[in-house]
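Numbering (the numbering used here), first residue to last: 700 to 958.
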DNA sequence: AAGATTACCTGAAGGC
DNA sequence: TGCCTTCAGGTAATCT
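Take a look at the structure:
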């Protein structure tokens with residue numbers, strides 16, 4: 700728990716993690732930690748907020764005894780507790796993600812930036828809005844699911860799993876997905892995200908919870924990462940689809956027919 | 001202007 | 001043994 704603790708010091712070990720001009724609110728008290736889309740946000744008593752983008756391998760966790768772990772980029776010292784930011788692949792960022800040229804220190808600016816950047820959270824978007832946001836586009840359904848401006852919070856694993864459960868091929872143009880399948884997709888997505896949260900997420904290689912424990916959802920995955928394995932529904936070998944820039948989608952060619 | 005593509009990043013894993 | 005290549009995928013920038 701960080702809420703109620705005063706930030707007393709900051710140590711930066713990796714310069715590119717955030718802009719040098721980032722003014723950490725040393726002396727202010729942490730009011731709480733929240734999530735917006737896939738970002739972690741710390742709110743402080745001086746009206747500022749710190750926005751953390753974890754990228755692929757970023758972790759915010761409590762500092763344990765002994766030397767700092769490798770790839771520790773930041774140490775936030777609170778009264779009675781130290782929190783570290785660890786990120787081997789360094790895709791994560793502090794402040795506004797990206798080029799780290801701007802710091803959104805004021806809470807209102809952080810929230811406004813998020814409002815511009817993210818669509819409704821996939822966990823609580825109403826069906827009508829889901830349908831409106833996905834049903835009109837010519838773009839591939841999979842690409843749209845991953846677009847945080849359309850829906851916030853969905854990554855590659857859960858997109859593939861939801862498409863499998865709904866029986867939709869990842870390359871289907873979104874506007875061509877039949878309404879009943881779109882509804883299935885909506886329900887599958889919410890169910891999967893909810894189940895995964897209950898199982899503390901999905902650990903393939905790197906992911907751990909803030910307590911350092913691996914997530915337990917990996918064994919419930921039906922297609923993701925299972926190229927060549929039998930589809931749990933029909934037995935057909937699961938296929939991998941390659942997108943540009945090395946992205947993959949896993950799907951069952953029989954349960955998820957193209958067009 | 002929407003949609004498509006690419007750069008960023010490094011440890012793990014596999015081929016030879 | 002060790003060097004080389006490939007892969008992972010969230011995000012923003014760049015291209016068409």
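Cβ coordinates follow ideal geometry from the N, Cα and C atoms, glycine included. Note that this is a predicted model, so its numbers are computed, not measured.
Suppose the cutoff is 6 Å on Cβ atoms and the five residues either side in sequence are ignored; what does the same chain contact list for residue i look like?
i           : result
residue 932 : 954
residue 784 : 759, 772, 773
residue 797 : For residue 797, the predicted structure reports a pLDDT of 36, less than 50, and the residue's modelled location is therefore unreliable. The matter cannot be settled from this model.
residue 740 : 733, 748, 750
residue 731 : 702, 742
residue 939 : 926, 947, 949
residue 713 : 772
Assuming the contact rule is C-beta atoms closer than 8 Å, residue i and residue j should be a hit. Round their C-beta distance to whole Å, please.
i           : j           : result
residue 882 : residue 867 : Between residue 867 and residue 882 the Cβ distance is about 11 Å, and since that is not below 8 Å, they are no contact.
residue 756 : residue 744 : Not really, about 31 Å apart at Cβ, beyond 8 Å.
residue 749 : residue 793 : 7 Å
residue 747 : residue 711 : Between residue 711 and residue 747 the Cβ distance is about 17 Å, and since that is not below 8 Å, they are no contact.
residue 849 : residue 778 : Wrong, their Cβ atoms sit about 41 Å apart, outside the cutoff.
residue 895 : residue 916 : 4 Å
residue 925 : residue 937 : 5 Å
residue 981 : residue 754 : Past the edges of the chain, shown from 700 to 958, lies residue 981, and the structure says nothing about it.
residue 878 : residue 821 : Incorrect: roughly 19 Å between the Cβ atoms, too far for contact.
residue 782 : residue 763 : Between residue 763 and residue 782 the Cβ distance is about 11 Å, and since that is not below 8 Å, they are no contact.
Please name the residue in the options whose C-alpha comes closest to that of residue i.
i           : options            : result
residue 859 : 815, 810, 923, 817 : 923
residue 738 : 926, 929, 817      : 817
residue 944 : 934, 851, 950, 842 : 842
residue 946 : 855, 715, 705, 730 : 855
residue 769 : 821, 786, 782      : 786
residue 851 : 736, 730, 781      : 736
residue 696 : 835, 838, 823      : There is simply no residue 696 to check, as the chain begins at 700 and stops at 958 in what is shown.
residue 840 : 956, 766, 873, 812 : 873
residue 810 : 742, 897, 713      : 742
residue 847 : 819, 898, 940      : 819
residue 780 : 942, 705, 949, 890 : 705
residue 942 : 890, 845, 889, 808 : 845
Keeping to the same chain, check which residues put their C-beta closer than 8 Å to that of residue i; ignore five residues upstream and five downstream.
i           : result
residue 958 : 868, 871, 875
residue 709 : 723, 725, 773, 774, 775, 776
residue 935 : 929, 951, 952, 953, 954
residue 814 : none
Only counting the same chain, and skipping five residues up and downstream in sequence, which positions put a Cβ closer than 7 Å to that of residue i?
i           : result
residue 885 : 826, 829
residue 865 : 880, 883, 884, 887
residue 836 : 843, 873, 874
residue 752 : 738, 791, 792, 796
residue 834 : 873, 874, 881
Under 7 Å: does the beta carbon of residue i sit that close to some heavy atom of the ligand SAM?
i           : result
residue 732 : In terms of ligand content, the structure shown is empty, and the ligand SAM therefore cannot be addressed.
Can you find at least 3 beta carbon pairs, one from the region 823-843 and one from the region 715-725, that sit closer than 8 Å?
Of all C-beta pairs linking the region 823-843 to the region 715-725, fewer than three are shorter than 8 Å, placing the two stretches out of contact.
What runs of the beta strand (DSSP E), each 3 residues or longer, lie entirely inside the region 818-855?
Entirely contained in the region 818-855, not one beta strand (DSSP E) run reaches 3 residues.
Which complete beta strand (DSSP E) runs does the region 729-817 hold, if anything under 3 residues is left out?
729-735, 738-743, 748-752, 758-761, 771-777, 780-785, all fully within the region 729-817.
Inside the region 928-958 only - beta strand (DSSP E) runs reaching at least 3 residues:
938-941, 947-950, all fully within the region 928-958.
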